[in-house]
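2 protein chains.
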Amino acid sequence: MTAQNGAGVFDEDCPSRLVLNHVASRWGTLIVSALRQGPLRFHALRDRIGGISEKMLSQTLRQLVEDGLVERTVEPTTPPRVSYELTPLGGELAGHVQALLDWITLRADEIVAARSRHRPG
Amino acid sequence: MTAQNGAGVFDEDCPSRLVLNHVASRWGTLIVSALRQGPLRFHALRDRIGGISEKMLSQTLRQLVEDGLVERTVEPTTPPRVSYELTPLGGELAGHVQALLDWITLRADEIVAARSRHRPG
DNA sequence: CCGCATCCATTTTGATACTG
DNA sequence: CAGTATCAAAATGGATGCGG
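Read top to bottom, the protein sequences are chains A and B.
Note that the numbering used here numbers the first sequence so that position 74 is 74, with each residue one more than the last.
Counting the second sequence from 1 gives a position; the numbering used here is that position plus 1000.
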């Protein structure tokens, strides 16, 4: 059964809603997807995700870490190397996120064509 | 192949990024999911999606309509009935979105437990 | 009443500089 | 390098107004 009742994410106060807001946020999906192939360091992530600010990267990562979807690792070198990696739970999530992103990538042209039909010009 | 190069959604200027920002927005996933079972009128949608404002519902719906993912139908009665429905393209998308939402609903408790481990208290 | 558009207060996001 | 502090810009929500 596919969560079609009033509960779950449709309920403003349900905890799942919090998770949704972290994951299906402007940057959440991109970060999760970027980490699919393995750990990445802070600046590597920033460079991979076009347009993200350091502030939002930092903030979104912190949320994902709190949610147990991403793990933060610090190697005590100088300068310290901090890398981020999906947890097993995050890995599950990443599969679904990637499917969504792949579909969007696949259909982007078609959708853009639809846009030009709905917008004047 | 699963879109792992620098192109697509990771490129700030790629059209797919626009679509992602509409779909993976705070309300986009919920609207798409809510419409999965059939057409809904404006207020029905608002009531279904806890916490959404009429303004954001209206705005997000307009984006999804522009993207060709949702169709807007006006019955010329008094008062007019305006209903929203997924297009075939939107239906494809909804499948992926629903998978994501279902996973989040399923794992919400586990994730909340993880949060309490990462946050003081 | 229904489906929005508009105005304004609050929240979120972004650019840039700065620190350990 | 890996962030945080700060301030400006943009997104958001609530209230309200309005034509049908």
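Even glycine gets a Cβ: it sits at the ideal position worked out from N, Cα and C.
Neighbouring residues, chain B, relative to residue i (Cβ below 8 angstroms)
| i | result |
| --- | --- |
| A/P15 | A1108, D1109, I1111, V1112 |
| A/L61 | Ordered by position in chain B, no residue passes the 8 angstroms Cβ test against A/L61, which lies about 12 angstroms from the chain. |
Beta carbon proximity, residue i to chain B, threshold 8 angstroms
| i | result |
| --- | --- |
| A/H43 | no |
| A/Q4 | Because the pLDDT at A/Q4 is just 46, under 50, the model does not fix this residue reliably, and the value given afterwards should be weighed accordingly. For A/Q4, the answer is yes, since a Cβ of chain B falls inside 8 angstroms of its Cβ. |
| A/T73 | no |
| A/E54 | no |
| A/E97 | Reading off the sequence shown, one finds Val at residue 97 of chain A, where the question assumed Glu. So yes, A/V97 belongs to the interface. |
| A/V70 | no |
Interface residues of chain A facing residue i [CB-CB closer than 9 angstroms]
| i | result |
| --- | --- |
| B/I1031 | Residues of chain A passing the Cβ test: none, with the nearest at roughly 11 angstroms. |
Proximal chain A residues relative to residue i, where beta-carbon distance stays under 7 angstroms
| i | result |
| --- | --- |
| B/G1038 | The premise fails here: B/G1038 is roughly 11 angstroms from chain A at the closest Cβ pair, so nothing lies under 7 angstroms. |
| B/S1094 | Looking at the sequence shown, residue 1094 of chain B is not Ser but Ala. Within 7 angstroms Cβ-Cβ: nothing; B/A1094 doesn't reach chain A, min ~10 angstroms. |
| B/V1009 | L30, L101, I104, T105 |
Selection from the options that minimises the alpha carbon distance to residue i
| i | options | result |
| --- | --- | --- |
| B/T1020 | B/T1105, B/A1034, B/L1064, B/Q1037 | Rather than Thr, the amino acid found at residue 1020 of chain B in this sequence is Leu. Ranking the options by Cα distance to B/L1020, first place goes to B/L1064. |
| A/R17 | B/A1044, B/S1083, B/R1026 | B/R1026 |
| A/R107 | B/G1028, B/L1057, B/G1068, B/D1011 | B/G1068 |
| A/E75 | A/R117, A/P39, A/D13, A/H22 | A/P39 |
| B/R1117 | A/E71, A/L45, A/V32, A/D47 | A/E71 |
| A/L61 | A/T78, A/S33, A/P79 | A/S33 |
Min CB distance residue i to chain A below 8 angstroms
| i | result |
| --- | --- |
| B/V1023 | yes |
| B/M1066 | Per the sequence presented here, residue 1066 of chain B reads as Glu, with Met not at that position. For B/E1066, the answer is yes, since a Cβ of chain A falls inside 8 angstroms of its Cβ. |
| B/E1085 | no |
| B/V1082 | no |
| B/P1088 | no |
| B/A1057 | Here residue 1057 of chain B turns out to be Leu, not Ala, going by the sequence shown. No, because no Cβ of chain A sits closer than 8 angstroms to the Cβ of B/L1057. |
| B/L1020 | yes |
| B/P1079 | no |
Residue i beta carbon near the ligand COA (any heavy atom closer than 7 angstroms)
| i | result |
| --- | --- |
| B/R1017 | As presented, the structure is devoid of all ligands, the ligand COA included, so that no description of it is given. |
Per-residue contacts from residue i into chain B (C-beta, under 7 angstroms)
| i | result |
| --- | --- |
| A/G91 | Simply none; closest approach about 12 angstroms. |
Continuous alpha helix (DSSP H) assignments of at least 4 residues falling wholly in the stretch 1063-1094 of chain B: Entirely contained in the stretch 1063-1094 of chain B, not one alpha helix (DSSP H) run reaches 4 residues.
Quick check for students: name the residue ranges of the alpha helix (DSSP H) that lie wholly in the stretch 1017-1041 of chain B, counting only runs of 4 or more. 1028-1034
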